[in-house]
Amino acid sequence: MFLSPPKQGEQPGKKKRKTELQPPPQKRESQSEEERIQKARDYEGKERARAFIPAWLDQFPWLRFDKEKNEMFCEPCRHFPSISDKTCSLYKGNSTFRKTLLDCHDPSKKHEMCAAASQAKIDGENSVVAPILRGLSKMQDELRAGMSNLFHVAYFVVKSERPFTDFPVLVDLNRRTGAKMPLCYHHDKACARFFVDIYQFIYDPILAEVKSARFFSVMIDGATDKAILEQEIVYVRYRDSTKRPKNVFFFSIEHVKRANAKGLYAHIMGAFARGRVDDWKKRLVGFGADGAAVNFGKDNGVQALLKRDIAYLIALHCVAHRAERGLVDSLKELDKLKALNQNLKWLYKHYKFSPKALHELRLVAEALEEKVLKPTNFAGARFLPYIHKANKIVCESYAVFVTYFQDLISTERRPKPSPKVRGRAYRILTFLMDYDNVLFSYFMRDTFEALSELSLNFQKDSLTVCDAVEALETCSLKLVDLQFQPTEGMQEVIDAVSETGLFRGTKLKYVNEGQILFLRKKVIDVLIKHLEKRFQDLQKGSVPSKCSIFNPSQWPSDRQELAAYGKQDFADICEHYQPLMDEHSVTTKMLKSEFILYKSYAAARTLRMPQIFSGILCDTERCKQYKGLSILFEIYLVLAVNTAVCERGFSCMKRVKNDWRSCLGTEQLSRLMFSSIEGPSMDNFDAAGAMEKWWTSGNRARRPGFNPWQKEQEQEIRDDLYEDLVLMDQEAEQEENVRQEAISDELGLEAENVAAGEKRLAEALDDSDESDIDESDIDTFLKDY
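Count along the sequence shown from 1, then add 552; that gives the number in the working numbering.
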């Protein structure tokens, strides 16, 4: 190609320089991300008529159009629902008529599986590929069985709270016992990957139940983990549509940077956002936590922040913590209980930090032929069963402790303990040998037993306000009964001392029964006073306490009195939940008529109030009949009365995130805790479902039968075999050489003998004439030779 000739006034090969400078072209201003998103929303928000284009049927052979319903759908996916994606709009039926949806659905893995299954069904047994497909199916069945075994092992590792590094060892153990295992996925990274799909397989159905629940409550608590991080745990209490006995769900656990009210409130919002529960404020009706000020601050606590958005929210202090705090309040007024607390604390410290002392205690127990347990701590924030156990150990092993401390302060003991240990032992022994103290210890053992039973009832996951009030009333009656007659333990001490003057071989000091009888009444009165003070909001004045008007056991027997019973409390309840009733189109007039109908329904039944509520909510016809009251009944059943489940969650956290796994991230910690708490047992675990989740969740095809190192392993085996053959050849050649040398030596010796014989024969022939030698002599000579 030739250059054009220069124009006039121009030099060859150069352009004429422009005299005027042109301004540079202005760049097009790029739209920001927000403007682009807003423009797309405006475009989508415009209403336009969309219709089905018949040409799509030729482009997508699997597409079908229903003119009556005016929707398009995928025919293969509907024919095979077991392997199709049921959440896809083309499975349900789509009426938006967008081609982009069809373009995305066509290459999807689920659709390709359904299309292949549909084609195989059409071809049938006469298909050319039918034998190949049967062979592949058999091979896939074997791989599926092996992968199922791998998933069982992975779930065992997670459920038993073991590290992922135990997975290869357990896989090898299963292979040695004859279990089928694929050739790959044997390392700990594979276990971690399997666990993600196992977690999603278990988590998604339960989360769907929470999303479908009409109302639920939130329970929170905080603790410090092994990494010295503040962790906040969240549980959700709801009514399950499948009527499971357990209706408390571990929702999440997360590190909180600032454990103040705003930080905890943001954590609750973040937990629901991660779970994609968008309308949680419309369904949240209850809040439960311990009695910390950050939770129940009147103006700026977590419950106050929640009530700004949810006016009808019911916030309840955990009843199990209330019972423990009631006992702590009683300690401040009772000197005798303080002395018992102090001596149990000394006893615990004496054996806690001294293995030698604990060993000597067990030796004394063996000599006395009795059993003894290590003393536990009485002090600190803990539930009442632990306090009961600390006192019970001392009462049941009384003779062992007395004998041990008598030996410890003995002047003949060698080597002598330190003055500090001797002084503490003397104080404990003085307390144990006092008659009033022994009687008081046995009395408190029976008292703590009643309080421990109350605490265990308060820790049930299915506890309601009605159950809590009933359990408190039962405990109060048991405590009052202890005032009028000696307990079983007290009577044992009194009988032993009155008959022999000894109690379990020990002579007690300061025998006087009058003081303990007066003290017994005072202790019971103080305990009941502080318990009722802690639970007064559940007994009267609050909305949960006013719900007792629905309890048939408290109704009057007279018909006129029953008709007028509870009207004011019912009006207060309706007023409290008026915003919620307005959202569900329920009027006060409807609620009043339903309350009268409920009285006639419940009066004829002997069931407890929670059981009546559950029976109505499980009956569809009854729910329609009690449209407004069913809302109140469900709210009552899901109120967060206790947070003991949060304490159990932190126990699980300490087992999972131990010293060796202290670097676990928040997301992985939440997954591991969920699988341990909410996961099914090993017998009920569906490995096939989890494996199907894993099979279809990857971006690339899974190849469980492929071993990328198989060729290298085979080459190593061939090399080893070649080396063995070479060594065998060398050894055989050496053996052959040795044998040939031995044969050569034998042949050489024989040749020498023959030569020597021939020489002797020749000499003999030379020395004598031929006539003198007979042929027989020659034969004889040769035979001898």
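C-beta: ideal position from N, C-alpha, C; glycine also.
Uninterrupted beta strand (DSSP E) stretches at least 3 residues long and entirely within the stretch 830-898 occur at 836-841, 866-869, given in chain order. Here the C-alpha atom of aspartate 1124 lies approximately 16 Å from the C-alpha atom of glutamine 1091. Spanning the alpha carbons of asparagine 799 and asparagine 895 requires a straight line of approximately 42 Å. The beta carbon of tyrosine 1178 lies closer than 7 Å to those of Glu1146, Tyr1150, Ile1168 in the same chain, with the five residues before and after it left out.
Cβ neighbours of leucine 722 within its own chain (closer than 6 Å, five residues either side excluded): Val705. At the C-beta level, glutamine 783 and methionine 1205 come within 9 Å of one another. Taking C-beta separations shorter than 6 Å and ignoring five residues to either side along the sequence, the partners of leucine 1003 in its chain run Leu936, following chain order.
Cβ-Cβ distances below 6 Å link aspartate 740 to Phe716, Thr717, Phe719 in the same chain, with the five nearest sequence neighbours on each side left out; the list follows chain order.
Note on arginine 966: under 16 other CB atoms within 10 angstroms of its CB, so exposed under the neighbour-count rule. Counting C-beta pairs with one atom in each stretch, the stretch 1118-1132 and the stretch 910-929 have fewer than three that are closer than 8 Å, which means they do not touch. In this structure, valine 770 lies near alanine 1192, with their beta-carbon atoms less than 9 Å apart. In this structure, the alpha-carbon of methionine 821 lies about 41 Å from that of alanine 942. Runs of alpha helix (DSSP H) with 4 or more residues, each lying fully within the stretch 1053-1121, are found at 1066-1086, 1088-1091, 1095-1098, 1111-1116, listed in chain order.
Between the alpha carbons of leucine 653 and lysine 661 lies a distance of about 15 Å.
By the beta-carbon neighbour count (other beta carbons within 10 angstroms, threshold 16), aspartate 842 is buried. Valine 1049 is positioned such that its CB atom lies no closer than 9 Å to that of methionine 996.
Listed in chain order, the alpha helix (DSSP H) runs fully inside the stretch 1200-1251 are 1218-1230, 1239-1249, counting runs of at least 4 residues. Looking at the backbone, the Cα of alanine 1239 and that of cysteine 743 are separated by about 14 Å. By the C-beta criterion, the stretch 885-902 is judged not to be in contact with the stretch 1022-1036, since fewer than 3 inter-stretch pairs fall below 8 Å.
Sorting Tyr707, Ser636, Ala875 by C-alpha distance to the C-alpha of methionine 1243 places Tyr707 at the top.
Under the DSSP definition of a beta bridge, glutamine 783 partners with Ala775, His807. Within the stretch 684-736, the complete alpha helix (DSSP H) segments of 4 residues or longer fall at 719-728, listed in chain order.
A distance below 8 Å between beta-carbons, with the five flanking residues on each side excluded, links aspartate 724 to the following residues of its chain, in chain order: His738. Glutamate 1051 has its alpha-carbon roughly 10 Å from the corresponding atom of valine 1045. Counting other Cβ atoms within 10 Å of its Cβ, leucine 925 stays below 16 and is therefore classed as exposed. The Cβ atoms of serine 882 and valine 709 lie no closer than 9 Å to each other.
Counting every other CB atom within 10 Å of its CB across the protein chains shown gives aspartate 959 a total below 16, marking it as exposed. Sorting Leu913, Lys901, Ala1155 by C-alpha distance to the C-alpha of phenylalanine 930 places Lys901 at the top. Separation of the CB atoms of serine 804 and valine 786 is rounded to 5 Å, and the pair is thereby assigned contact status at 8 Å. Phenylalanine 1165 carries a helical assignment under DSSP once its states are collapsed to helix, strand and coil. Each of Ile750, Gly698, Arg745, Asn1289 was checked against the Cα of asparagine 726, and the nearest Cα belongs to Gly698. In this structure glycine 838 is in contact with leucine 868, their Cβ atoms being roughly 7 Å apart against a cut-off of 8 Å.
Contact check for aspartate 777 against lysine 1209 passes: the beta carbons are separated by less than 9 Å.
In this structure, DSSP gives arginine 965 a state outside helix and strand, which the three-state scheme calls coil. Beta-bridge pairing by DSSP links methionine 624 to Phe617, Asn646.
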